[in-house]
Amino acid sequence: MAEFIKQSLLFPVIQSIHLIGLTMMVGTIVLVDLRLLGIGVCRHKAVDLASGLARWTRAGLITVLVTGPIMLYSDLPRYLSNPAFLLKMVLLVVALAAHFTLHRSTVRTGTNQKLAAVLSLILWSSVVLAGRAIADFDVRPY
Amino acid sequence: MSRIIAETTWGYPIVGALHVLAMALFGGAVLAQHIRVVQSADVRWIRRIGMTLVVITGALVFASGAVGYYGSTSFRIKMALLVLLALNAIVASRWSEHRLNSVIALALWVAVIFASRGIAFF
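Chains A and B, in that order, are what the protein sequence lines are.
Each residue of the first sequence is one higher than the one before, starting from 1 at the first, in this note's numbering.
Each residue of the second sequence is one higher than the one before, starting from 1001 at the first, in this note's numbering.
Okay, structure coming up:
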């Protein structure tokens, strides 16, 4: 099963769905972060913008958390020996933790806006960078 | 510039990652306006900056010779989809913007992502 996914067209299809999911999740989070920094959508308050987009942020999160493990499963030895992938997993945990704690409370209460926004932008950008780097840091031929 | 990308360890992944980040920025703005959470005018500059970065980083990747796009059928499909998107936008702005325009736009953008991924294959 893993071999089939890895070798067939299913992998790029799943990868594309992963990209769509991350666009939905990171794209909506970035809009809220920019709003916290006073850029972009000034019509709504950050809390209203965030709740309006929440369904799509969640859908994006679910999408990446489903497609990601499928891709991981298709070639465990490759990913587990890939430093970019391992770094990405660490960054992902940190980004999610920060999102559901600091970011959420900032959006709701309006405190630490600049800090939470900048932290969120840096963390999610790092996750994306690490994800893109996976293809360039393979340790062994696969 | 394309030599920096092609010949250093970091050039290609960084430009590629910026391409994906710009896509997320642009995509987030486009999504937000099509689901009517924000208005097109609110995110105008985010859209423009995002699209500019996507096109520049995309052009850099192709110029570095990493992927041959001139002969790619998928690339042509992608261009056709972008034309359809432009037509959809024109229809929406000249007559009234119907919900169907938003559904079509989002579906076309999803297709663009698949077509972009396909360039490496056909």
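Think of the CB as a built atom: it goes at the ideal place given N, C-alpha and C, for glycine as much as any other residue.
Residue i: contacting residues in chain A (beta-carbon distance under 8 Å)
i	result
A1092 of chain B	Per Cβ cutoff of 8 Å: no residues; A1092 of chain B is ~20 Å from chain A at best.
A1063 of chain B	Within chain A, no residue comes near A1063 of chain B; the closest Cβ sits about 18 Å away, beyond 8 Å.
Classification of residue i by the beta-carbon crowding that lies within 10 angstroms, buried from 16 upward
i	result
S74 of chain A	buried
T109 of chain A	exposed
Y1012 of chain B	buried
Q7 of chain A	exposed
H1098 of chain B	exposed
W124 of chain A	buried
R1044 of chain B	exposed
A97 of chain A	exposed
T101 of chain A	exposed
CB contact check: residue i to chain B, cutoff 8 Å
i	result
Q15 of chain A	yes
T63 of chain A	no
A133 of chain A	yes
M71 of chain A	no
R78 of chain A	no
Interface flag, residue i vs chain A, CB-CB below 8 Å
i	result
M1079 of chain B	no
Y1012 of chain B	yes
Three-way DSSP call (helix, strand, coil) for residue i in this model
i	result
L1025 of chain B	helix
M1051 of chain B	helix
A1115 of chain B	helix
E3 of chain A	helix
H1019 of chain B	helix
Under 8 Å between C-beta atoms of residue i and residue j
i	j	result
T1073 of chain B	H1019 of chain B	no
K1078 of chain B	A1115 of chain B	yes
L107 of chain A	A50 of chain A	One point to set straight first is that residue 107 of chain A is Val, not Leu, in the sequence displayed. In this structure, A50 of chain A lies closer than 8 Å to V107 of chain A by Cβ.
L121 of chain A	A1024 of chain B	no
Neighbouring residues, chain B, relative to residue i (Cβ below 7 Å)
i	result
S125 of chain A	L1021
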